[in-house]
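**Q**
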Amino acid sequence: MWTTQNRDKYERKGQRYPSDLTDEEWALVEPFLPPRRRVDRREVLNAILYVLTTGCQWRQLPKDFPPKSTVHDYFVEWHCDGVLTRIHHALYCEVRELAGKAATPTTSIVDSQSVKSAEKGGTILIPLDMMRARKLREKSAT
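Residue numbers for the sequence shown follow our numbering, beginning at 809 and rising by one.
This is the structure we're talking about:
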């Protein structure tokens with residue numbers, strides 16, 4: 809619920825874009841990133857989050873971020889090295905613990921109906937009314 813406290817807590821004043829990390833968020837994420845190189849890692853992560861939240865193309869990244877090729881290279885490297893997965897898992901566990909739950913779920917449910925329908929598949933499930941009619945050469949006058 810949006811109370812005055814919640815609004816103040818999640819206000820993003822003083823940031824260029826809503827996707828930019830706050831200092832608290834950066835403190836949670838920074839330990840998972842590989843050591844610093846020539847580029848500011850926080851700016852690279854802000855650029856990646858900008859692309860992911862807005863859905864823009866890499867080449868449309870605003871000029872106040874590092875170069876698009878640099879940001880994309882870091883994104884690919886962090887994805888392939890599992891850095892982004894580790895960050896996601898750590899934040900997921902922390903959110904569960906804050907909610908009073910175990911860090912990882914202990915039970916899972918598989919819906920047997922979805923498994924059955926996924927096994928069949930193929931063109932059998934496509935109604936014939938939805939398929940485009942084939943033209944027979946015998947009927948064609950041309």
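Every residue, glycine too, gets a C-beta built ideally from N, C-alpha and C.
1) Using 8 Å as the threshold, is the region 896-916 in touch with the region 864-878, meaning 3 or more CB pairs across them?
2) What is the residue span of the alpha helix (DSSP H) that Trp886 lies within?
3) Is DSSP giving Cys901 helix, strand or coil here?
4) What does the Cβ neighbour count give for Ala910, buried or exposed, with the cut at 16 atoms within 10 Å?
5) Let me make sure I understand the geometry here. Which of Arg894, Asp872 and Phe873 has the alpha-carbon closest to that of Glu838?
6) If we ignore side chains and look at the alpha-carbon of each, how far apart do Asp881 and Asn814 end up?
7) May I have the straight-line CA-CA distance separating Leu841 from Pro826, to the nearest angstrom?
8) Excluding the 5 residues flanking Thr861 on each side, which residues of the same chain have their C-beta closer than 7 Å to its C-beta?
9) Use the C-beta contact count for Ile856: other C-beta atoms within 10 angstroms, 16 or more gives buried, fewer gives exposed.
10) What would DSSP say about Asp831, mapped onto helix, strand or coil?
11) Can you round the beta-carbon distance between Arg850 and Trp834 to whole angstroms, since I take them to be within the 8 Å contact cut?
**A** Judging by the given coordinates:
1) no
2) Going by DSSP, Trp886 is part of the alpha helix (DSSP H) stretching over Lys876 to Asp889.
3) Looking at Cys901 - three-state DSSP - the assignment turns out to be helix.
4) exposed
5) When each option's Cα is compared against that of Glu838, the closest is Arg894.
6) 36 Å
7) 21 Å
8) The beta carbon of Thr861 sits closer than 7 Å to those of Ser827, all from its chain and outside the five residues before and after it, given in chain order.
9) buried
10) helix
11) 6 Å
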